[in-house]
Amino acid sequence: MPEISEVEPIILYNPRPDDPAPWASYMVLVRVVTKDGGVGWGETLSSIRVNALVQLIKVLSSVMRGRDVFNLEGNRLEWYRQDFNMPVSLESTAAYSAFDIASWDIIGRELGAPVHRLLGGLTRDRVRVYANGWYSNAVKPEDFAEKAKETVRRGYTALKFDPFGPYFDMIDSAGIKDAAERVKAVREAVGDGVDILIEAHGRFNAESAIRAAWALEPYNPLFMEEPVHPEDIEGLIRFRNSTRIRVALGERIINKGYLIQYLKLSLVDYLQTDVGRFGGLTEARKASIMAEAFSVPMAFHNANGPILHAATIQLDASIPNFAVQESFYDYWPQWKRDLVGDSMPVENGYVKVPTKPGLGVDVNEKLIERLRINETEITIKGGLSWIVKGTTGGS
Ligand SMILES: O=C(O)[C@H](O)[C@@H](O)[C@H](O)[C@H](O)CO
Ligand SMILES: [Mg+2]
């Protein structure tokens, strides 16, 4: 039995002046080691929760030491039983997600199989992606248009952006006009053959989200993401009843109990579960099965790094109800691509599914040793950690 001997949190920190977002400069990895020498890698969200995550991963390590890495369901049940607050804690599910991903990496390597072969096989050998992170420092419509053209020149057939500048909760008609002009400029720049995805980052109350959606509908976006504050279910119902724009959400839904509420009320058209926040590959696959029952396709969220990207692509490759995958790949700092040997390049808007055992990528452990810091060294400053840099129009 491949017995777990260590679950180690590792923070990588490498701030660069042109990072597309504050969280681009670091990553939280989990390295799982078994007694017989197996090593697996996981990753989870960082944003401003790095220290809390690292502490939880250390507790997780004490719980998982001595357990069988193959017991994916039993291991999660044990964590769920022990962490009283897991059902309501992003940090707990994120810490567990990274551990689960690393467990799958070990299991795949042990069995000599890429994870997609263990998740249901290779339904598709390449995965369509949409670009995010491509619009740093864009404020005026022409800035967005120029950068959108460049993104399409790189082969992307879908791109996501947040056109709403500094507005939060409310947006007035001037703000809506600015947003519509940015979306119009992008639509005119890329033409009708490219999908435009609107990110609202859960900023708005229902009234504002509805008015914003009305103004953007003429540009036929594929969806509007998190149009209202994530906890505002009634507002989302109102949004659904007042607009025709498709809704994407899911990056902030952390378990099956919350997810079913959205599916049974038909509140989501593209489900954006995050493998690094929902409970790893084990639970994210269940999310895709639940969505399939409601004819909802998956567009997994991933605003983090390459290990999470590799894990998610393994799931994208296998599930029947796949739509499109979020990708910051070309807009990360180079060191994040180097971490996996730049082995998942985007070609003509698609990523070929890696077929090596486990997550399918080799992790550059020398680079990890060079960039790792301990949690006392990292300083997380306040600020809008969720915005692409320089796009808030001056706030
Ligand atoms: O859809 C997305 O990629 C996310 O909303 C990102 O834009 C956020 O910045 C990130 O998730 C914050 O942690
Ligand atoms: Mg989002």
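Quick note: the sequence shown uses UniProt numbering, first residue 1, plus one each step. Just so you know, even glycine gets a beta-carbon here, dropped at the ideal spot from N, CA and C.
Not a single heavy atom of ligand 1 lies less than 7 Å from the C-beta of Ser-25. Assigned with DSSP and collapsed to three states, Leu-12 falls in strand. Under the DSSP assignment, Lys-140 falls outside any alpha helix (DSSP H); it carries neither an H nor an E label.
Counting only the Cα atoms, Thr-93 lies some 13 Å from Arg-81. Under the rule that a run must span 3 or more residues, the beta strand (DSSP E) segments found entirely inside the segment 309-333 read 325-327. The Cβ atoms of Ala-248 and Asp-232 do not sit closer than 8 Å to each other.
Annotation: the continuous alpha helix (DSSP H) that includes Val-186 extends over 173-190. Looking at the DSSP output, Ala-248 bridges to Glu-225 and Tyr-270. A straight line joining the alpha-carbon of Lys-256 with that of Val-275 spans about 13 Å. Taking the Cβ atoms as the reference, Arg-128 lies roughly 6 Å from Tyr-350, within the contact range of under 8 Å. According to the DSSP assignment, Trp-41 belongs to the beta strand (DSSP E) that extends over 39-44.
In the three-state reduction of the DSSP assignment, Asp-105 falls in the helix class.
In terms of Cβ geometry, Pro-114 and Gly-358 form a close pair [threshold 8 Å].
The Cβ neighbour count for Arg-65, taken over all protein chains shown within 10 Å, is under 16; the residue is labelled exposed. Annotation for Ala-145: Ala-185, Val-186, Glu-188 and Ala-189 place their beta carbon closer than 8 Å to its own, counting only its chain and skipping 5 residues before and after.
In this chain, the alpha helix (DSSP H) harbouring Tyr-262 covers 256-264.
Just measuring C-alpha positions, the residue of Leu-60, Met-27 and Leu-259 sitting nearest Phe-278 is Leu-259.
With fewer than 16 other beta carbons inside 10 angstroms of its own, Gly-112 counts as exposed. Using a Cβ distance threshold of 8 Å, Leu-339 and Asn-364 count as a contacting pair. If you ignore the 5 residues before and after Arg-124, its C-beta comes within less than 8 Å of the C-beta of Asp-316, Ala-317, Phe-322 and Val-353, all in its own chain and listed in chain order.
Taking C-alpha positions only, Ala-148 is separated from Gln-55 by approximately 40 Å. Judged by the Cβ position, Glu-91 fails to qualify as a neighbour of ligand 1 at the 7 Å threshold, every heavy atom of the ligand being at least this far. Closer than 7 Å to some heavy atom of ligand 2: that does not describe the Cβ of Glu-231. Judged by DSSP in its simplified three-state form, Lys-352 adopts strand.
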